[in-house]
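Engineer:
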């Protein structure tokens, strides 16, 4: 992805801020611009303007509000995906309804944060998004997993699924890590629960990503739940 040089030659993540409130845009710019290698390259006040700005500026990351007049953030996310835009979208909203969460992720957003998130969380999310890694406000991943459980729970009961039994080629310890990810645990949480180092947890996660054909924690959580719903004899979900 494109990048610019910041002070001292530091490579910066290029960010577009999208929010219909000028005060919010100004606050976000003050929060992230020039911080930890981040450069704000533009702003937009609605989804249509955001799509045009992405085409013109080619940012690495878009901080996208949801509720805006005219073209809202969710529609803008779908438009960016349809256009093949390279920018990774972080939804930054005050409205964390299940419908917004699912629609944003289905549309192609990589992260979902609440506007109450502390500055360091937003900065970390920008860097993670630029690398294709998702980040969610506390409780959002757990809610996403809960929604998947609700959708697949009946099937899991009928199939006799057992989350303690791993799919083929996945070790028992790797599966323990996967189950804790599905419960919303962080790497530090998982390390403490299983008496492992964080480095070892990351190694197990890398193995799980490769074996289950996923690229992030959300996809991994869904794979764990899908396996439970299908039952342990159905193999690795694809």
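In our numbering, the protein residues as written are 11 to 248.
In this text, a Cβ means the ideal position worked out from N, Cα and C, and glycines have one as well.
Just verifying my parser: in three-state terms, what is the DSSP assignment at residue 107?
Structural biologist: Working through the chain shown from its first residue, we reach residue 107 at position 97. Residue 107: coil per DSSP, three-state reduction.
Engineer: If we ignore side chains and look at the alpha-carbon of each, how far apart do residue 116 and residue 202 end up?
Structural biologist: Here residue 116 refers to the residue found at position 106 when the chain shown is read from its first residue. Here residue 202 refers to the residue found at position 192 when the chain shown is read from its first residue. So the alpha carbons of these two residues sit roughly 32 Å apart.
Engineer: Among the candidates 227, 27, 25 and 62, whose CA atom is the shortest distance from the CA of residue 93?
Structural biologist: For the purposes of this step, residue 93 is taken as residue 83 along the chain shown, with counting starting at 1. The option with the nearest alpha carbon to residue 93 is 62.
Engineer: Apart from the five residues on each side of it in sequence, which residues of its chain come closer than 7 Å, Cβ to Cβ, to residue 27?
Structural biologist: Along the chain shown, one-based indexing puts residue 27 at 17. So the qualifying residues of the chain are 35, 38, 39, 50, 53 and 73.
Engineer: Give the C-beta separation of residue 184 and residue 217 to the nearest angstrom, bearing in mind that I take them to be a contact with Cβ-Cβ under 8 Å.
Structural biologist: Locating residue 184 in the chain shown gives position 174, where the first residue counts as 1. Locating residue 217 in the chain shown gives position 207, where the first residue counts as 1. At roughly 6 Å, the Cβ-Cβ gap stays under 8 Å, so residue 184 and residue 217 are in contact.
Engineer: So what does DSSP say about residue 36, is it helix, strand or coil?
Structural biologist: The residue labelled residue 36 in the question sits at position 26 within the chain shown. Three-state DSSP puts residue 36 in a helix.
Engineer: Given residue 95, which residues of its chain have a CB within under 7 Å of its CB, disregarding the five upstream and five downstream residues?
Structural biologist: For the purposes of this step, residue 95 is taken as the residue at position 85 of the chain shown. Around residue 95: 64.
Engineer: Within the continuous beta strand (DSSP E) that includes residue 121, where are the two ends?
Structural biologist: Your numbering for residue 121 matches position 111 in the chain shown. Note, residue 121: beta strand (DSSP E), 121-124.
Engineer: Measure the C-alpha to C-alpha separation of residue 223 and residue 107 and round it to an integer number of angstroms.
Structural biologist: If you number the chain shown from 1, residue 223 lands on position 213. If you number the chain shown from 1, residue 107 lands on position 97. Computed Cα separation, rounded: 29 Å.
Engineer: Give me, in chain order, the residues of the same chain whose beta-carbon lies closer than 7 Å to that of residue 168; leave out the 5 immediate sequence neighbours on both sides.
Structural biologist: Here the question's residue 168 lines up with position 158 in the chain shown. The predicted position of residue 168 is uncertain, since its pLDDT is 42 and thus under 50; a value taken from the coordinates is nonetheless stated next. The answer is none, since no qualifying residue turns up.
Engineer: Check each candidate in 227, 103 and 80 and name the one with the smallest Cα separation from residue 125.
Structural biologist: What you label residue 125 is simply residue 115 of the chain shown in a count that begins at 1. Considering only alpha carbons, the answer is 103.
Engineer: Do residue 120 and residue 100 come within 8 Å of each other at the CB atom, strictly closer than that value?
Structural biologist: Here residue 100 refers to the residue found at position 90 when the chain shown is read from its first residue. Here residue 120 refers to the residue found at position 110 when the chain shown is read from its first residue. Their beta carbons are under 8 Å apart, which means residue 100 touches residue 120 by this criterion.
Engineer: To the nearest angstrom, how far is it from the Cα of residue 192 to the Cα of residue 140?
Structural biologist: Taking the first residue of the chain shown as position 1, residue 192 is located at position 182. Taking the first residue of the chain shown as position 1, residue 140 is located at position 130. Approximately 24 Å between the Cα atoms of the pair.
Engineer: Can you grab the Cα-Cα spacing for the pair residue 195 / residue 234, in whole Å?
Structural biologist: Here residue 195 refers to the residue found at position 185 when the chain shown is read from its first residue. Here residue 234 refers to the residue found at position 224 when the chain shown is read from its first residue. For residue 195 and residue 234, the distance between alpha carbons rounds to 14 Å.
Engineer: Could you give the distance in angstroms between the alpha-carbon of residue 16 and the alpha-carbon of residue 59?
Structural biologist: What you label residue 16 is simply residue 6 of the chain shown in a count that begins at 1. What you label residue 59 is simply residue 49 of the chain shown in a count that begins at 1. With a pLDDT of 43 at residue 16, under the threshold of 50, the modelled position of that residue is not reliable, and the figure given next carries that caveat. Roughly 26 Å separates the two Cα atoms.
Engineer: Give me the residue from 232, 215 and 69 with the minimum Cα distance to residue 136.
Structural biologist: Taking the first residue of the chain shown as position 1, residue 136 is located at position 126. Answer by Cα proximity: 69.
Engineer: Grab the span of the beta strand (DSSP E) containing residue 134 for me, first residue to last.
Structural biologist: Numbered from its first residue, the chain shown carries residue 134 at position 124. It is not in any beta strand (DSSP E) - residue 134 instead sits in the alpha helix (DSSP H) that spans 129-140.
Engineer: Going by CA-CA distance only, name the one from 182, 133 and 91 that's closest to residue 48.
Structural biologist: Working through the chain shown from its first residue, we reach residue 48 at position 38. Checked all of 182, 133 and 91; the closest Cα to residue 48 is 133.
Engineer: Quick one: what does DSSP say residue 41 is sitting in, helix, strand or coil?
Structural biologist: As a first step, residue 41 must be located in the chain shown, where it is residue number 31. It is helical.
Engineer: Mark residue 144 as exposed unless 16 or more other C-beta atoms lie within 10 angstroms of its C-beta, in which case mark it buried.
Structural biologist: For the purposes of this step, residue 144 is taken as residue 134 along the chain shown, with counting starting at 1. Buried: at least 16 other Cβ atoms inside 10 Å.
Engineer: Leaving aside the five residues before and after residue 164 along the sequence, list all residues of the same chain whose C-beta is less than 8 Å from its C-beta, in chain order.
Structural biologist: Walking along the chain shown from the start, residue 164 turns up at place 154. Confidence in residue 164 is poor, its pLDDT being 43 and thus under 50, which makes the residue's placement unreliable; the coordinate value appears in the next sentence. Same-chain partners within the cutoff: there are none.
Engineer: Do residue 111 and residue 147 have their C-beta atoms within less than 8 Å of each other?
Structural biologist: Within the chain shown, the letter at position 101 stands for residue 111. Within the chain shown, the letter at position 137 stands for residue 147. Result no, Cβ atoms of residue 111 and residue 147 do not sit closer than 8 Å.
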